[in-house]
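Q:
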Amino acid sequence: MQDTKYFDDLAETLTSDFYNHLFSYFMTLDISKFNPRQIPHTEERQTLLEANKSVYELFIDETDFECLDERSLYDSYKQYCQEYGYMTASKRTFLANVKSLLDVQNGVYTKKNFSE
Numbered sequence: 716m717q718d719t720k721y722f723d724d725l726a727e728t729l730t731s732d733f734y735n736h737l738f739s740y741f742m743t744l745d746i747s748k749f750n751p752r753q754i755p756h757t758e759e760r761q762t763l764l765e766a767n768k769s770v771y772e773l774f775i776d777e778t779d780f781e782c783l784d785e786r787s788l789y790d791s792y793k794q795y796c797q798e799y800g801y802m803t804a805s806k807r808t809f810l811a812n813v814k815s816l817l818d819v820q821n822g823v824y825t826k827k828n829f830s831e
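The sequence shown begins at 716 in the numbering used here and counts up one residue at a time.
Structure, rendered in structure tokens:
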């Protein structure tokens with residue numbers, strides 16, 4: 716059995732007076748400008764965003780190319796997947812997924828410039 720002294724002591728402080736004070740404190744907080752959809756940008760949030768990137772986003776972020784034709788882009792993607800242990804999608808699926816991530820003109824795929 717683990718030492719429970721800390722939690723026993725903590726539980727003893729959780730009296731009705733404690734909860735009354737806690738309730739009073741929360742009732743006096745100004746939450747008029749609180750927006751539950753505005754999530755602070757923290758290191759942890761960035762880590763989660765990076766961890767949830769699709770293989771297509773990772774490929775584009777980590778591959779050094781300026782512009783490639785459809786075939787060369789897909790070949791580069793297949794090589795990336797093989798090197799990093801990802802399952803390769805079909806060409807059709809791959810192109811459908813990167814269409815929104817890249818600029819496409821006349822069958823040439825170019826990385827988007829987000830500084831514009």
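Glycine residues also receive a C-beta, built at the ideal position from the N, C-alpha and C atoms.
All values reported here derive from a predicted model rather than from experimental measurement.
Between which two residues does the beta strand (DSSP E) carrying residue 845 extend?
A: The chain is shown from 716 up to 831; residue 845 falls before or after that span and cannot be answered.
Q: Who are the near neighbours of residue 785 in its chain, counting only those whose CB is closer than 6 Å to its CB and skipping five residues on each side?
A: 822
Q: Taking residue 805 as the reference, give the member of 816, 818, 790 with the closest Cα.
A: Ranked by Cα distance from residue 805, the options 816, 818, 790 are led by 790.
Q: Would you identify the three-state DSSP class for residue 831, choosing helix, strand or coil?
A: Since pLDDT at residue 831 reaches only 44, below the 50 mark, its modelled position is unreliable, and the value read off the structure follows with that caveat. Coil at residue 831, not helix or strand.
Q: Mind checking residue 749: buried by the 16 CB within 10 Å criterion, or exposed?
A: That one is exposed.
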